[in-house]
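Just so you know, the sequence shown maps onto residues 1 to 236 in UniProt numbering. Note that CB positions come from ideal geometry on N, CA and C, so glycine has one too.
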Amino acid sequence: MLTQRVLAAFFAFLLHAVVDAASCRDIDPNCRDWVGSDPQTCSTTDYIRSHCPLSCGHCGGGGDSKYDVTRLTPDLAPLSWLIGKWRSEHGGKAIFPTIPKFTYGEEIEFTVPDEKMQAVKAINYTAFAWSINDKDELHSEYGYIAVKPNTKELALTTVMNNGFVTVEEGKVSTSYIKFSLRDIGRISFSRDLPVHDLVREWTLLDRNTLQARLHMETLTHGMQEHTFIRYEKIAP
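Here it is, written out as structure tokens:
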């Protein structure tokens, strides 16, 4: 009987924790921006403490630390609105004179770096796109977004599965980032045309919608839009 009571109490506690974690949410849509800009407000500002439990990490059962914007350094705080996982099942559009037009799905993720990292602190970035017909992977990218100390200037370094390595630099504002290509490398046997220039834009349309545009210039064609997509936030 004692064992049964202990088990019943344990499962009741577990259920309560799960329900609390599931129902825990931010009341104010600006919470992630406020907490990302200054994590101390979770303890110093009554309004934020009571209205932003999810962003402040006060939800029962904890959360995934890679999305915890309170762990961002002051230099990375302007990127807090990017943190999370974003996905579009089939909303991507790709166009360019050298390829047929097609649509695609894509998932991108921005996560908080490990505090133990000794190098320049940078947001982790991953992306993979797939064909909407057969779900085969079309393109993937892995990289980092670093911010120049005490500025809004940032750099995106990316390795791509098509044999390209890029360095893009730009500036971040409240809900918009624009990168321009600074340097590019490609493996000698890549089948793609040499890329001469890139312009990448990320725009937060609302708290759950992120828009991305990529303009490209190649050896044979001038700068023009190559891809466009809108993602929905799926985590956290």
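Its chain contains Thr103 and Phe228 as the residues whose beta carbon lies nearer than 6 Å to that of Lys93, once the 5 sequence neighbours on both sides are disregarded; these appear in chain order. In chain order, Ile95 place their CB closer than 6 Å to the CB of Lys101, counting only its own chain and leaving out the 5 sequence neighbours on each side. For Ile99, the enclosing beta strand (DSSP E) has its first and last residue at Ile99 to Thr111. Contact between Arg200 and Ser88 fails: their C-beta atoms lie close to 16 Å from each other, not under 8 Å. If you ignore the 5 residues before and after Thr41, its C-beta comes within less than 7 Å of the C-beta of Trp34, Val35 and Ile48, all in its own chain and listed in chain order. Collapsing the DSSP output to three states places Leu79 in a helix. For Thr209, the uninterrupted beta strand (DSSP E) run begins and ends at Thr209 to Thr218, by DSSP. Between Asn162 and His139 a beta carbon distance of about 7 Å is seen, short of the 8 Å cut, so the two are scored as contacting.
Selection His215, Asn30 and Arg191 evaluated against Lys178 yields His215 as nearest (Cα-Cα). Contact between Thr98 and His226 is ruled out by a C-beta separation of about 10 Å, above the 8 Å threshold.
Membership of His58 in any alpha helix (DSSP H) is not indicated, and neither H nor E is assigned to it by DSSP.
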